[in-house]
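Here the working numbering is used: the first residue of the sequence shown is 14, the next is one more, and so on.
Note that the Cβ used here is the ideal one computed from N, Cα and C, for glycine as well.
Here the structure is a predicted model, which means the values were calculated and not measured.
Notes follow once the structure below has been shown.
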Amino acid sequence: MQCHYRLQEEKTMITELNHVGIVAGAVEENLNFYVDILGGKVVNEGYIEASNTKCIYVQLASGIIELLCRGNEKDRVNLGLNHVCFLTDDLDGDYEKLLAAGFVFTSPPKVAGSGDGRLTFLTDSIGTRVELIQRDQSYKNPKVEGRILSFDHISLSAHDLQAAESFYTEKMGMKELKRMRVDATDLTMVYLNYGEDVIELLNRPNQQPVSPPIGHIALRVDNVDEMGEYLASRGVEILQGFPKQAGTGIGRITMVKDPNGARIEFVDRKDLREL
């Protein structure tokens, strides 16, 4: 079911938090990691001729990762987490509203490089690259069952928490799902959602901006320690200091890097909606 939300006293036509985008290297090693090891499913593929980039959409549980695999070795720079993408039913209208609100875009709406739909990119209030796209299909399939129980969240470092919350709730129509604190490290965590899709905002006092703000994506599993053993058996290196108890004290976490250097967190607590 699609829901429309209000933007500055007007209805926005944003309908879905669709995917997180990763600028990636070789196709084969990315498919090995996300499909063969993590159990994802390729739900769509495209090609951007101008940059010799293969676009691969991999669904893990109910969330989608867009892999922008650069075909030319010289273009395999600045790899890793790149943007979050929202679907809209009125790209031109939402572009005009956000432009009038003072947000900076890379260009007016244009045909996607792959030819599927029209898009534009803007920068949110904390420096995150945000894609708005209008196309006929979402690419999302029924939930992919496997080791990944759910696509838990996309994590953003929010040096200005109030501005970030304002953008994603008032401008993009997300709702506050959960707010948590870790007093020991003076960390505030705010979770915003569109249905099953969640953005995590992390904030500490006097926090400086980071670029890019997208720090990691988190995947929920049944048992973090068992998942870590499995990943190690498949040749995936567990980052130093993991696994460990989550800072909230709820469950355990571990962390790895994908072939592009993107940080992937695994958590074994309950779903955020059940906490």
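Quiz prompt | Pick from Lys257, Thr182, Leu214 that is closest to Ser174, judged by C-alpha positions | solution = The residue you call residue 174 lines up with position 161 of the sequence shown. Rather than Ser, the amino acid found at residue 174 in this sequence is Leu. Per the Cα distances, Leu214.
Self-check item: Rounded C-alpha distance that separates Glu58 from Ala197
Solution: In the sequence shown, residue 58 corresponds to position 45, counting from 1. In the sequence shown, residue 197 corresponds to position 184, counting from 1. A straight line joining the alpha-carbon of Glu58 with that of Ala197 spans about 44 Å.
Exercise. Below 8 Å on the Cβ atoms is my guess for Val143 versus Val97; work out the distance and round it to an integer in Å.
Key: The count along the sequence shown starts at 1 and reaches residue 143 at position 130. The count along the sequence shown starts at 1 and reaches residue 97 at position 84. Between Val97 and Val143 the Cβ distance is about 6 Å, and since that is below 8 Å, they are a contact.
Quiz item: I think Asp165 touches Leu112, with their Cβ atoms under 8 Å apart; what is that distance to the nearest whole Å?
Solution: On the sequence shown, position 152 is the one that residue 165 refers to. On the sequence shown, position 99 is the one that residue 112 refers to. So it is not a contact: roughly 33 Å between Cβ atoms.
Quiz item: If Pro272 and Phe46 are in contact, beta carbons under 8 Å, what's the gap, nearest whole angstrom?
Solution: Along the sequence shown, one-based indexing puts residue 272 at 259. Along the sequence shown, one-based indexing puts residue 46 at 33. Taking 8 Å as the upper bound for CB-CB distance, Pro272 and Phe46 are in contact here, some 5 Å apart.
Quiz item: For the ligand COA, is there a heavy atom less than 7 Å away from the beta-carbon of Thr198?
Solution: In terms of ligand content, the structure shown is empty, and the ligand COA therefore cannot be addressed.
Practice problem: Measure the beta-carbon distance from Tyr152 to Val56 and round it to whole angstroms, keeping in mind my assumption that it falls under 8 Å. | Solution: For the purposes of this step, residue 152 is identified with residue 139 of the sequence shown, where counting begins at 1. For the purposes of this step, residue 56 is identified with residue 43 of the sequence shown, where counting begins at 1. At roughly 5 Å, the Cβ-Cβ gap stays under 8 Å, so Tyr152 and Val56 are in contact.
Quiz item: Per DSSP, what kind of secondary structure is Ser127 in: helix, strand or coil?
Solution: Taking the first residue of the sequence shown as position 1, residue 127 is located at position 114. It is coil, neither helix nor strand.
Quiz item: At a cut of 8 Å, does the region 272-286 reach the region 223-242 through at least three beta carbon pairs?
Solution: Segment contact: the region 272-286 against the region 223-242, three or more CB-CB distances shorter than 8 Å; contact assigned.
Quiz item: By how many angstroms is the C-alpha of Glu239 removed from the C-alpha of Cys16?
Solution: Locating residue 16 in the sequence shown gives position 3, counting from the first residue. Locating residue 239 in the sequence shown gives position 226, counting from the first residue. Residue confidence for Cys16 is low, a pLDDT of 39 falling below 50, so the modelled location carries little weight; the figure read from the coordinates is stated next. Computed Cα separation, rounded: 38 Å.
Quiz item: Is the region 74-82 close to the region 33-42, with three or more CB pairs under 8 Å?
Solution: Short answer: they touch.
Self-check item: Buried or exposed by the 16-neighbour rule on C-beta atoms within 10 Å, applied to Val124
Solution: By 1-based counting over the sequence shown, the position of residue 124 is 111. With fewer than 16 other CB atoms across the displayed protein chains lying within 10 angstroms of its CB, Val124 is exposed.
Practice problem: Identify which residue in Gln258, Gly260, Thr119, Val249 has its Cα closest to the Cα of Leu51. | Solution: The residue you call residue 51 lines up with position 38 of the sequence shown. Here the closest residue by C-alpha is Val249.
Exercise. Buried or exposed for Lys87, please, with buried defined as at least 16 other CB atoms from any protein chain shown within 10 angstroms of its CB.
Key: Position 74 of the sequence shown, counted from the start, is the residue given in the question as residue 87. Classification of Lys87: exposed, given that the 10 Å Cβ count is below 16.
Quiz item: Whole-angstrom Cβ separation of Leu94 and Ala275, contact assumed at under 8 Å?
Solution: Reading the sequence shown from its first residue, position 81 is the one you call residue 94. Reading the sequence shown from its first residue, position 262 is the one you call residue 275. With 8 Å as the limit, Leu94 and Ala275 qualify as a contact, their Cβ atoms being about 5 Å apart.
Practice problem: Below 8 Å on the Cβ atoms is my guess for Thr201 versus Asn216; work out the distance and round it to an integer in Å. | Solution: Translated into positions along the sequence shown, residue 201 becomes position 188. Translated into positions along the sequence shown, residue 216 becomes position 203. Their Cβ separation, rounded to whole angstroms, is 5 Å, which keeps Thr201 and Asn216 in contact under 8 Å.
Self-check item: Buried versus exposed, by CB contacts within 10 Å (16 or more), Ser163
Solution: For the purposes of this step, residue 163 is taken as residue 150 along the sequence shown, with counting starting at 1. Buried, by the Cβ-count rule.
Self-check item: In chain order, each beta strand (DSSP E) run of at least 3 residues that lies wholly inside the region 146-228
Solution: Runs of the beta strand (DSSP E) inside the region 146-228: 163-170, 188-195, 200-207, 210-216.
Quiz item: Taking the alpha-carbon positions, what's the Ala74 to Lys54 distance?
Solution: Counting from one through the sequence shown, the residue named residue 74 turns up at place 61. Counting from one through the sequence shown, the residue named residue 54 turns up at place 41. Between the alpha carbons of Ala74 and Lys54 lies a gap of roughly 9 Å.
Practice problem: Below 8 Å CB to CB, which residues in the same chain sit around Ile161 once its five sequence neighbours on both sides are set aside? | Solution: As a working mapping, residue 161 is identified with position 148 in the sequence shown. For Ile161, same chain residues with a beta-carbon under 8 Å away, outside a window of 5 residues either side, are Leu51, Gly52, Gly53, Leu73, Ala74, Leu232, Arg233, Val234 in chain order.
Exercise. Alpha carbon to alpha carbon, how far is Lys67 from Ile266? Give it in angstroms, no decimals.
Key: Residue mapping note: residue 266 aligns to position 253 of the sequence shown, counting from 1. Residue mapping note: residue 67 aligns to position 54 of the sequence shown, counting from 1. If I take the Cα positions, the gap works out to 32 Å.
Self-check item: Between the CA atoms of Val33 and Tyr18 - distance to the nearest angstrom
Solution: Position 5 of the sequence shown, counted from the first residue, corresponds to residue 18. Position 20 of the sequence shown, counted from the first residue, corresponds to residue 33. Residue placement at Tyr18 cannot be trusted, given a pLDDT of 36 that sits under 50; what the coordinates show is reported in the next sentence. If you take the alpha carbons of Tyr18 and Val33, they lie about 21 Å apart.
Quiz item: Mind pulling the beta strand (DSSP E) runs of 3 or more residues that sit fully within the region 47-125?
Solution: Under the rule that a run must span 3 or more residues, the beta strand (DSSP E) segments found entirely inside the region 47-125 read 54-61, 66-73, 76-83, 93-101.
Self-check item: Beta carbon of Val117 nearer than 8 Å to that of Leu135
Solution: If you number the sequence shown from 1, residue 117 lands on position 104. If you number the sequence shown from 1, residue 135 lands on position 122. Closer than 8 Å, so yes.
Exercise. Assuming Asp149 and Pro122 form a contact by the criterion Cβ under 8 Å, report the distance between their Cβ atoms to the nearest whole angstrom.
Key: For the purposes of this step, residue 149 is taken as residue 136 along the sequence shown, with counting starting at 1. For the purposes of this step, residue 122 is taken as residue 109 along the sequence shown, with counting starting at 1. About 16 Å; that fails the 8 Å criterion.
Quiz prompt | Spatial distance of Gly262 from Ala171 (CA atoms) | solution = Your numbering for residue 262 matches position 249 in the sequence shown. Your numbering for residue 171 matches position 158 in the sequence shown. Roughly 22 Å separates the two Cα atoms.
Practice problem: Using the Cα positions of Leu20 and Glu109, report the straight-line distance between them to the nearest angstrom. | Solution: Start at 1 with the first residue of the sequence shown, and residue 20 comes out as number 7. Start at 1 with the first residue of the sequence shown, and residue 109 comes out as number 96. Here the model assigns Leu20 a pLDDT of 40, short of 50, so the residue's position is not dependable, and the following value carries that caveat. Taking the straight line joining both Cα atoms gives about 11 Å.
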